[in-house]
Amino acid sequence: MLYEAERHEPLTSLAWDEARARGSIRAIAADMERVLGAGDGWPPHPLDDEKATAPHHSLYLGASGALWALWHLEREGAVELAFDPCAHIARVPANYLATPDTEEVVPSYFLGEAGVLLIVWRMTRDAMLADRLHDAIARNIANPTNEALWAAPGTMVAAWHMLQWTGEARWRDLYRANVEHVWSLWQPSEHAPCMLWTQDLYGRIVQLLGAGHGFAGNAYGLLIGAGEIGSARLA
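Printed below as a string of structure tokens:
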């Protein structure tokens, strides 16, 4: 089996209903607003970490991801919010530095500073944050975990987004520097008849395939910038 049925909602016979779907989106957004309240952090879920109590701020686990989702939904006309996500998001970088999700400040895209700064820049267009984001991405190129949550395959996605949004040459140069690094570490595997990346992750040396920590996540960072990597490498 590809999944454990008891851990999933069973399929229903209900026909597709756009009004029901939109109502569900509005209900989820209203609950998110309630949970965020007057604070700027997103509470940890007990299924993620039953011991965690401090609010999270990252793109993956925290307030920046939650606020971006609400901001995006409102811009798409899917919800009407009672508060301004931009007013909240402006405080998130300082809160992340004070209480980082992973107990230390890291430049990671999903779990660290780069992801936070990308979201805040997207919502506020603060030029100073762009410079900090550029520095975080550059510092993370040599991260030995070699996967998307922590290392260059993730932060290079932030560089690509900034290139699309600004057209500035410095983001193209930064994205290409990440490409060269990630490409150089794609090697023939000793365990499978193909090329894989090797991850140095949580004290283990492994070769993973998934989107979070493995091949799929690394390949995604290359494929989104297909026009930047050349036809031979794309093939």
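Residue numbers for the sequence shown follow the numbering used here, beginning at 1 and rising by one.
Even glycine gets a Cβ: it sits at the ideal position worked out from N, Cα and C.
What whole-angstrom Cβ distance do residue i and residue j have, given they're in contact under 8 Å?
i: Gly217; j: Pro153; result: 6 Å
i: Leu41; j: Ala63; result: The sequence given here places Gly at residue 41; Leu does not occur at that position. Confirmed, about 5 Å.
i: Trp121; j: Ile224; result: That pair is no contact at about 18 Å.
i: Ser58; j: Asp101; result: 5 Å
i: Ala151; j: Leu133; result: The Cβ separation is near 16 Å, so there is no contact.
i: Arg170; j: Glu228; result: Going by Cβ atoms, the distance from Arg170 to Glu228 rounds to 14 Å, so no, they are not a contact pair.
i: Leu174; j: Ile119; result: The Cβ separation is near 18 Å, so there is no contact.
The beta strand (DSSP E) that contains residue i, what's its start and end?
i: Asp200; result: Gln199 to Leu201
i: Arg204; result: Arg204 to Val206
Of the choices the options, whose alpha-carbon is the least far from that of residue i?
i: Leu97; options: Val116, Ala82 and Met162; result: Val116
i: Arg233; options: Tyr202, Val182, Met123 and Ala169; result: Val182
i: Phe215; options: Leu201, Thr99 and Trp186; result: Trp186
i: Ala78; options: Ala219, Gly225 and Leu70; result: Leu70
i: Tyr220; options: His191, Tyr202, Trp68 and Trp197; result: Trp197
i: Pro55; options: Pro44, Asp48 and Asp49; result: Pro44
i: Glu168; options: Ala27, Ala130, Cys194 and Asp200; result: Ala130
i: Arg7; options: Gly203, Leu47 and Glu104; result: Leu47
i: Val92; options: Ile25, Gly212, Ala82 and Ala114; result: Ala114
Starting from residue i, trace the alpha helix (DSSP H) both ways and give me its first and last residue.
i: Val236; result: With the chain covering 1 to 235 only, the question about residue 236 has no answer from this structure.
i: Arg132; result: Ala127 to Arg139
i: Ile28; result: Glu18 to Leu36
i: Glu74; result: Ala63 to Arg75
i: Tyr96; result: Val92 to Ala98
i: Gly221; result: Phe215 to Leu223
i: Pro153; result: Ala152 to Thr166
i: Ala226; result: Ala226 to Ile229
i: Trp121; result: Glu113 to Thr124
i: His88; result: Pro85 to Ile89
With burial defined as no fewer than 16 other Cβ atoms inside 10 Å of the residue's Cβ, what is the status of residue i: buried or exposed?
i: Val106; result: buried
i: Thr155; result: buried
i: Val35; result: exposed
i: Gly230; result: exposed
i: Trp16; result: exposed
i: Ala142; result: exposed
i: Arg191; result: Note that residue 191 is His in the sequence shown, not Arg. His191 is exposed by the Cβ-count criterion.
Taking only heavy atoms of the ligand GTP into account, decide whether any of them is closer than 6 Å to the Cβ of residue i.
i: Leu14; result: Ligands displayed in this structure: none; no statement on the ligand GTP is therefore possible.
Report yes or no: do the region 198 to 208 and the region 131 to 148 share at least 3 C-beta pairs separated by less than 8 Å? yes
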